[in-house]
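Below is one structure; the comments refer to it alone.
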Amino acid sequence: RHKLPEKYRESFTHFGMAQLAFYQGDYSAAQKHLLEVEYEDVMFKLSADNMLLKCYFETQETEALFSLRDSLRRYLHRKEELNPSYKQGFLNFLTILGHLYDLKWDLGGKYKPLQLKLKLDEYESFFNRDWVIEQLMKL
Numbered sequence: 322r323h324k325l326p327e328k329y330r331e332s333f334t335h336f337g338m339a340q341l342a343f344y345q346g347d348y349s350a351a352q353k354h355l356l357e358v359e360y361e362d363v364m365f366k367l368s369a370d371n372m373l374l375k376c377y378f379e380t381q382e383t384e385a386l387f388s389l390r391d392s393l394r395r396y397l398h399r400k401e402e403l404n405p406s407y408k409q410g411f412l413n414f415l416t417i418l419g420h421l422y423d424l425k426w427d428l429g430g431k432y433k434p435l436q437l438k439l440k441l442d443e444y445e446s447f448f449n450r451d452w453v454i455e456q457l458m459k460l
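Each residue of the sequence shown is one higher than the last, beginning at 322 in this note's numbering.
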């Protein structure tokens with residue numbers, strides 16, 4: 322921690338604590354740490370928002386999940402400086418996320434698990450592929 326530039330120290334520490342809490346399944350703690358992160362970099366912001374989306378997914382916070390997803394979709398469309406492959410991969414993830422949510426919480430979505438896996442395989446660029454496959458395997 323002391324080797325980080327002071328300007329970023331608190332944010333990176335909270336981000337790291339959020340990651341640890343997330344992987345330990347403590348989604349509430351992860352969300353609290355993410356609230357303390359200051360985003361000066363687009364990629365850092367997207368990484369934090371990505372984790373927040375997954376927290377909302379795991380805790381069935383429907384309104385927060387879809388609100389953030391829609392906000393991120395608009396944000397990504399406006400960010401012309403982002404690598405097109407990265408941007409498209411994230412947008413593809415946002416699309417699949419809604420279908421995955423419907424499956425996990427039995428909301429009668431458009432796809433069955435195998436169909437969603439096949440849809441996922443159609444994407445050349447896709448963000449969080451391993452996490453989505455892990456979620457599909459839990460169904």
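All residues carry an ideal CB built from backbone N, CA and C; glycine is no exception. Predicted model only: the values in this text are computed from it and were never measured.
Query	Result
Along the chain, where does the alpha helix (DSSP H) containing residue 383 start, and where does it finish?	383-399
At the level of alpha carbons, what is the spacing between residue 392 and residue 412?	11 Å
Do residue 353 and residue 360 come within 8 Å of each other at the CB atom, strictly closer than that value?	no
Is the Cβ-Cβ distance between residue 447 and residue 441 less than 8 Å?	yes
What did DSSP end up calling residue 360 once you bin it into helix, strand or coil?	coil
Rounded to whole angstroms, what is the Cα-Cα separation between residue 405 and residue 355?	26 Å
Under 8 Å between the Cβ atoms of residue 386 and residue 397?	no
In the structure shown, what three-state DSSP assignment does residue 452 receive?	helix
Going by beta carbon distance, what residues of the same chain come within less than 7 Å of residue 351, once the five residues before and after it are set aside?	339, 342, 343, 372, 376
For residue 446, which three-state DSSP category applies?	coil
Among 395, 452, 403, which has the Cα closest to the Cα of residue 421?	452
Only counting the same chain, and skipping five residues up and downstream in sequence, which positions put a Cβ closer than 8 Å to that of residue 390?	374, 415, 418, 419
By DSSP, does residue 345 sit in helix, in strand, or in coil?	coil
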